[in-house]
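Counted from 1, the sequence shown has number 96 at position 97 by numbering that gives the first Met the number 0; the numbering is strictly sequential.
Each remark here refers to the structure printed beneath this line.
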Amino acid sequence: MNDTETAELLVDYSRRAYDRGLVGGTGGNLSARLEDGRHMLITASGLSLKDTTPANLVNVNLDSLEYDASPGLAPSMEFHIHADIYRLRQDVGAVVHLHPPYCTAFAVKKRDIPPVTDSALKQPPIPRVPFAPSGTEELRRHAAEALKTSPGCQVLLLEMHGIVAMGADLIKAYDSADLTEEIARVAFLAEALH
């Protein structure tokens, strides 16, 4: 996939995430590794995912963390976590950070999402990342540590925050996030039946 197609897919999946209710307001961020493998495109800070366009995506160098953006734009405050994932996981081509309600409910209660469905049992374990404020070096360190201790994971559960899903491409990363929210929803509803 060329970089123009990657940008168009980021726009599409950013809007899907917003429309599906996996994020609200100006929360959440999506990124994808570019063809050269040394850069990523990421959604901009302070903009709603529903307003994402190719022109407001930010190009970030994964090594130097320098970025190229339209005037007045900066990468999402969580861009360091995205860059760390790409550096630590060469198999990852896209990262999706969202605040889906059911996943976030488990994150707020500092509880693991139980694997209550058949499809959940087929997924790698979801590490829980200790709380640290958004955009901080502390959160970045916690997320990197979770990746190192669970090298095959597809989703991180950020306490008091939301999830970070990753995949070989944007479709797989988004699908992991969407499936995780479905598992969390079923787990929540099943617990309510007790």
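Note that CB positions come from ideal geometry on N, CA and C, so glycine has one too.
All figures in this text were calculated on a predicted structure; none of them were measured in a lab.
Take the Cβ of residue i as the centre, count every other Cβ of all protein chains shown within 10 Å, and call the residue buried at 16 or more, exposed below.
i: residue 193; result: exposed
i: residue 74; result: buried
i: residue 99; result: buried
i: residue 37; result: exposed
i: residue 186; result: buried
i: residue 0; result: exposed
i: residue 6; result: buried
i: residue 65; result: exposed
i: residue 179; result: buried
i: residue 63; result: exposed
i: residue 191; result: exposed
i: residue 69; result: exposed
i: residue 148; result: exposed
i: residue 142; result: buried
i: residue 103; result: buried
i: residue 54; result: exposed
Do residue j and residue i count as a contact pair if the criterion is CB distance below 7 Å?
i: residue 160; j: residue 93; result: no
i: residue 97; j: residue 23; result: no
i: residue 95; j: residue 189; result: no
i: residue 87; j: residue 138; result: no
i: residue 162; j: residue 119; result: no
i: residue 2; j: residue 33; result: yes
i: residue 61; j: residue 40; result: no
i: residue 84; j: residue 91; result: yes
i: residue 184; j: residue 101; result: yes
Just reading off the beta strand (DSSP E) that residue i is part of, what are its end residues?
i: residue 154; result: 154-157
i: residue 79; result: Note, residue 79: premise wrong, no beta strand (DSSP E); alpha helix (DSSP H) at 78-87.
i: residue 32; result: 28-32
i: residue 95; result: 93-97
Since residue i sits in a beta bridge, which residues does DSSP pair it with?
i: residue 67; result: 58
i: residue 127; result: 156
i: residue 161; result: 157
i: residue 41; result: 30 and 57
i: residue 74; result: 43
i: residue 119; result: DSSP output for residue 119 lists no bridge partner at all.
With respect to the alpha helix (DSSP H) encompassing residue i, which residues constitute its N-terminal and C-terminal limits?
i: residue 170; result: 169-191
i: residue 9; result: 2-18
i: residue 141; result: 136-148
i: residue 100; result: 100-107
Across the region 11-19 and the region 38-53, are there enough close Cβ pairs to call them in contact, namely three or more that are closer than 8 Å?
yes
With contact counted as at least three CB pairs below 8 Å, one residue from each stretch, are the region 141-153 and the region 117-133 in contact?
yes
Counting pairs of Cβ atoms below 8 Å between the region 165-172 and the region 104-118, do you hit three or more?
no
Inter-stretch contact at 8 Å, needing at least 3 Cβ pairs: the region 35-47 / the region 72-91
yes
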